[in-house]
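Residue numbers (the working numbering), protein chains in the order written: chain E, 1 to 161; chain F, 1001 to 1757.
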């Protein structure tokens, strides 16, 4: 079909520190690019319209809903996802705190929360409860009531100091 | 934590180990429903009805079939027509015909979003384009979208061919799918003798479970007519049963592999896309994966029933309840089952009521077929009962906790459906509420300027189902134990089940590795729902661990050539009772045991765990000008029986409270008169965000269940029951207003304030 024969675009980008060249349909979101083109599925789809935050990634130091960004827009940019948080030496303090504080139940929103919270702690090492709740307002969790998530972020912040 | 259990020295139970599946879930490795990719996989998409009620006159799929990249198109012509056979006995009950019609409409569409056709294509974009080319000719009918419309004389009828059961009589051409009545004692006499009678009717809007992961279904139908399904579900065996029925296959031809599940709360018990993916796979002989959008999830899955509940309670001059009546009308959605029996069980469950009568109506409306939502039907009825109780206390000047204690349900109290309670812990919860820092604190210690504060309290109940579970254990050569189970893990149940096996074996929780496996690899296990998993599957793990110890002792007897009566096992060591030289660790006995490897398995089919009760206290701050309500303090108190992993028990209490707060203050299906939901996105269906909630304090009460070796009760469901009435009562405390419909949103508060002036 003619309308499907849109040419793919070559994109050079860096995902979790790894530079890569990929071919992306120009109408495809960054979320779909990560999951279907690159094949990393830690970034989750909850709504595909920018309201749940399950697909949160860090784009050049700024958190975005990857469902609202096109794959072609990451040309020359750095994208960090949940897969980039742990190192071969161990988990990021936030990941460890989420486990210790039981800050996840079903876990589908967890990658988005971790990426969002990391962006907060990267800039503000010791945020207040109010500040954490404010920062995480774009991430929906239906299981926990947020209590243990807020506590885990707070715990990780003190740890990382 | 308050505990009335004997002070047993548990080694594992009551500790807080890191859950076994946690590492995969914080690193993005865990595979949920949408994450599966199979070689040669096609993407499925469905066409959904734009109308809430219409006859399908014809469907033309020819244009879609001609498209490049489209491999198959299906309609209900590709599904067998099933008879009206009732199936299931737990939260998955219903008729086979309706199960099938809900997957894909045959003659009529009954709600906006009802599936009418499906497509398999090379990718999602092509599938969506193809779906748009399917032409359906509808005869649009008038919908009914609430219980009043549905029960009105001359209402449009959803199912002309269906007979409802009205107090034992079969009735056709009615939207009342069932009318049931439960009676104890003589309420007329009770009300006549009453000193005060209070009656209220509440109106609950339809809500959604709101799990963040949309539904998916992936299937392969092979040349041998075997169907493999991968899906995110609360019950892989219930998916197996449902899919095999819809496709008219023997259950053994269907194998279901559960993916990780991104939330469910009851809404991931029904099947939706799985049979469609299977039929599309049969037509293409390729794997097919179908996924829902968020709007599809709101339009066509879930919802928790809305409806109207009227409650009347009479008390004597001493403040003892004499009689209670309830009229419960809940929306089943497009197909029967609004959980009216559960509603009847729950409505007066917190009280000792000498005479009661309950009329419950299961009402068909043109909305998606309702699914269980966390303590299905209990929050709806609790809103009415707990509001009436609060009003009684207000009129008489009673302390709301003292009144509840005076009338408290306890061991031996007769329940609405007949049986008497075994040991329950409502009284202990109420006493803990009374002694809590929250209840003793000064409500107005620090109010914001221009705002009014109020405090509300309410109780709630869920009965915890039992049913079937299976567990296998295998002792590995390194002395660690592999546990396989059939309960999909929605919030930490791998841990709570493995911990029970570890406790029996006297080894650390991390030395038992739990796996949730497919339906060919474990015995039948009922759904992760009804607060049954830690109770029933945990019980199976407990039994399997005891059997494993028997095996260990038998192998040691063979190895040492002594009688097994002379051998004992504790804490990972098997040893002779008489010869201190004869002693082996689990690793030693597991290394080449005589007669083969050491394995065990156990299954259970249990009665109810004994009810779980919760008492919640809510402090609100309300802006009288804007009607905005902030929850400033919240305490959830609950009898949890025995907390296996206290962190995840607290998590259930907090999560249930948060959902209940959303239900009370924000959430509703906002529908136009054509039955179209106008707020089918997370932006407009406003679930609580982190900024909306305070910390939710928890007080766990441990009154052990008589039905479980460790006293486990289900904990997931009771905490969603008290929030709606607790918040309603707090609004009344703050403003002197009884808001009797959910959500108690700002516009309702400001309008009610205007009317009051």
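Backbone N, C-alpha and C fix where the C-beta goes; we use that ideal spot for every residue, glycine too.
C-beta neighbour in chain E for residue 1347 of chain F, strict 9 angstroms
Taking the second chain and counting its residues from 1, the one referred to as residue 1347 of chain F is at position 347. No, no contact with chain E.
query: For residue 18 of chain E, which of helix, strand or coil comes out of DSSP?
result: Counted from its first residue, the first chain places residue 18 of chain E at position 18. The answer is strand: DSSP assigns residue 18 of chain E an E or B state.
> Whose CA, out of F:1250, F:1343, F:1192 and F:1317, lies closest to the CA of residue 1180 of chain F?
Replying inline: Here residue 1180 of chain F refers to the residue found at position 180 when the second chain is read from its first residue. Of the candidates F:1250, F:1343, F:1192 and F:1317, the one whose C-alpha sits nearest the C-alpha of residue 1180 of chain F is F:1343.
* Which chain F residues sit within Cβ distance under 8 angstroms of residue 150 of chain E? -> Position 150 of the first chain holds residue 150 of chain E. In chain order: 1690 and 1695.
- According to a CB-to-CB cut-off of less than 9 angstroms, which residues of the segment 1259-1293 of chain F neighbour chain E? 1260, 1261, 1262, 1263, 1264, 1265, 1291 and 1293
Taking beta-carbon pairs under 7 angstroms, can you tell me which members of the segment 47-73 of chain E lie near chain F?
47, 48, 49, 51, 52 and 54
- prompt: Which residues does DSSP pair with residue 1219 of chain F in a beta bridge?
  reply: In the second chain, the residue the question calls residue 1219 of chain F occupies position 219. Paired residue(s): F:1229 and F:1288.
Going along chain E, which residues have a C-beta under 7 angstroms from residue 1373 of chain F? The residue given as residue 1373 of chain F occupies position 373 in the second chain. Those do not exist, as residue 1373 of chain F stays about 11 angstroms from chain E at its closest Cβ, beyond 7 angstroms.
field: Contact list for the segment 92-110 of chain E against chain F, Cβ threshold 9 angstroms
entry: 92, 94, 95, 96, 98, 99, 100, 101, 102, 103, 104, 105, 106, 107, 108, 109 and 110
Review point. How about residue 1490 of chain F: is its C-beta nearer than 9 angstroms to some C-beta of chain E?
Key: Here residue 1490 of chain F refers to the residue found at position 490 when the second chain is read from its first residue. By this cut-off, residue 1490 of chain F is an interface position.
>> My assumption, with CB atoms under 8 angstroms, is that residue 1353 of chain F sits in contact with residue 98 of chain E. Please give the rounded CB distance.
In response: Translated into positions along the second chain, residue 1353 of chain F becomes position 353. Translated into positions along the first chain, residue 98 of chain E becomes position 98. About 45 angstroms; that fails the 8 angstroms criterion.
- Residue-chain proximity (residue 1370 of chain F, chain E), Cβ-Cβ < 9 angstroms: As a working mapping, residue 1370 of chain F is identified with position 370 in the second chain. No, its Cβ sits nowhere closer than 9 angstroms to a Cβ of chain E.
Residue 1035 of chain F versus chain E: which residues are under 7 angstroms apart at the beta carbon?
One-based indexing of the second chain puts residue 1035 of chain F at position 35. By Cβ distance, chain E contributes 41.
Check: Between residue 1090 of chain F and chain E, is there a C-beta pair that is closer than 9 angstroms?
Finding: In the second chain, counting from the first residue as 1, residue 1090 of chain F sits at position 90. Its pLDDT being 45, under 50, residue 1090 of chain F is placed unreliably in this model, and the value from its coordinates should be taken loosely. Judged by the 9 angstroms Cβ criterion, residue 1090 of chain F is not in contact with chain E.
Within a Cβ cutoff of 8 angstroms, which residues of the same chain sit near residue 1030 of chain F, ignoring the five residues on either side of it in sequence?
Position 30 of the second chain, counted from the first residue, corresponds to residue 1030 of chain F. Around residue 1030 of chain F: 1021, 1024 and 1260.
For residue 1076 of chain F, name the three-state secondary structure that DSSP assigns. Taking the first residue of the second chain as 1, we reach residue 1076 of chain F at position 76. Helix, per DSSP.
DSSP three-state call for residue 1651 of chain F: helix, strand or coil?
Translated into positions along the second chain, residue 1651 of chain F becomes position 651. Correct three-state label for residue 1651 of chain F: helix.
- Item | Proximal residues of chain E, C-beta to C-beta of residue 1683 of chain F below 9 angstroms | Indexing the second chain from 1 puts residue 1683 of chain F at position 683. 47, 49, 50 and 51, listed in chain order.
Quick one: residues in its chain with C-beta nearer than 6 angstroms to the C-beta of residue 1359 of chain F, no 5 flanking neighbours on either side, listed in chain order?
-> As a position in the second chain, residue 1359 of chain F is number 359, starting the count at 1. Excluding sequence neighbours, residue 1359 of chain F sits near 1181 and 1327.
Supposed contact pair residue 1521 of chain F and residue 1714 of chain F - C-beta distance, whole angstroms, cut 8 angstroms | Residue 1714 of chain F sits at position 714 when you count from the first residue of the second chain. Residue 1521 of chain F sits at position 521 when you count from the first residue of the second chain. Contact doesn't hold; Cβ gap of about 26 angstroms is too wide.
field: C-alpha distance - residue 1402 of chain F paired with residue 1646 of chain F, whole-angstrom precision
entry: Residue mapping note: residue 1402 of chain F aligns to position 402 of the second chain, counting from 1. Residue mapping note: residue 1646 of chain F aligns to position 646 of the second chain, counting from 1. Distance between the alpha carbons of residue 1402 of chain F and residue 1646 of chain F: 29 angstroms.
Am I right that residue 1519 of chain F and residue 1537 of chain F are in contact with their C-beta atoms under 8 angstroms? What's the rounded C-beta distance? Here residue 1519 of chain F corresponds to residue number 519 of the second chain, with the count starting at 1. Here residue 1537 of chain F corresponds to residue number 537 of the second chain, with the count starting at 1. Not a contact, Cβ separation roughly 15 angstroms.
- prompt: Could you give the distance in angstroms between the alpha-carbon of residue 1089 of chain F and the alpha-carbon of residue 1111 of chain F?
  reply: Residue mapping note: residue 1089 of chain F aligns to position 89 of the second chain, counting from 1. Residue mapping note: residue 1111 of chain F aligns to position 111 of the second chain, counting from 1. Its pLDDT being 47, under 50, residue 1089 of chain F is placed unreliably in this model, and the coordinates cannot settle the point.
Ordered along the chain, which non-local residues of its own chain (more than five positions away) have a Cβ less than 6 angstroms from that of residue 132 of chain E? Taking the first chain and counting its residues from 1, the one referred to as residue 132 of chain E is at position 132. Around residue 132 of chain E: 150 and 153.
* To do: List the endpoints of the continuous alpha helix (DSSP H) containing residue 1119 of chain F.
  => As a first step, residue 1119 of chain F must be located in the second chain, where it is residue number 119. Note, residue 1119 of chain F: premise wrong, no alpha helix (DSSP H); beta strand (DSSP E) at 1115-1121.
Review point. Does DSSP put residue 1563 of chain F in a helix, in a strand, or in coil?
Key: As a position in the second chain, residue 1563 of chain F is number 563, starting the count at 1. Looking at residue 1563 of chain F - three-state DSSP - the assignment turns out to be coil, as it is neither helix nor strand.
request  = Count the other CB atoms, across all protein chains shown, that sit within 10 Å of the CB of residue 1146 of chain F; report buried if there are 16 or more and exposed otherwise.
outcome  = For the purposes of this step, residue 1146 of chain F is identified with residue 146 of the second chain, where counting begins at 1. With 16 or more other Cβ atoms within 10 Å, it is buried.
Hey, residue 1443 of chain F and residue 1427 of chain F are a contact pair by Cβ (cut 8 angstroms); roughly how many whole angstroms apart?
Reading the second chain from its first residue, position 443 is the one you call residue 1443 of chain F. Reading the second chain from its first residue, position 427 is the one you call residue 1427 of chain F. With 8 angstroms as the limit, residue 1443 of chain F and residue 1427 of chain F do not qualify as a contact, their Cβ atoms being about 25 angstroms apart.
- Message: Check whether the segment 1055-1065 of chain F and the segment 136-143 of chain E are in contact - that is, three or more C-beta pairs closer than 8 angstroms.
- Response: no
Subject >> Proximity of residue 1276 of chain F and residue 1041 of chain F at Cβ, strictly below 9 angstroms >> reply: Translated into positions along the second chain, residue 1276 of chain F becomes position 276. Translated into positions along the second chain, residue 1041 of chain F becomes position 41. Not a contact, by the Cβ cut-off of 9 angstroms.
Point to revise | Contacting residues, own chain, Cβ-Cβ under 6 angstroms from residue 1528 of chain F (five flanking each side not counted) | key: In the second chain, counting from the first residue as 1, residue 1528 of chain F sits at position 528. Excluding residues within five positions, the ones whose Cβ falls inside 6 angstroms are 1234, 1487, 1488 and 1490.
Look at the Cβ atom of residue 1338 of chain F, then the Cβ atom of residue 1465 of chain F, and state whether they are nearer than 9 angstroms. On the second chain, residue 1338 of chain F is found 338 positions in, with the first residue counted as 1. On the second chain, residue 1465 of chain F is found 465 positions in, with the first residue counted as 1. No. Outside cutoff.
Give the residues of chain F in contact with residue 86 of chain E, contact being defined as C-beta atoms less than 7 angstroms apart.
Translated into the one-based positions of the first chain, residue 86 of chain E becomes position 86. Simply 1027.
For the segment 1210-1225 of chain F, list every residue whose C-beta sits within 9 angstroms of some C-beta in chain E, in sequence order. 1210, 1211, 1212, 1213 and 1214
Exercise for the section: Decide yes or no for the touch test of the segment 1450-1469 of chain F against the segment 1614-1624 of chain F: beta carbon pairs closer than 8 angstroms, at least 3 of them. Expected result: yes
Worksheet item: Given residue 1076 of chain F, which residues of its chain have a CB within under 7 angstroms of its CB, disregarding the five upstream and five downstream residues?
Response: Reading the second chain from its first residue, position 76 is the one you call residue 1076 of chain F. Answer for residue 1076 of chain F: 1104, 1105 and 1106, listed in chain order.
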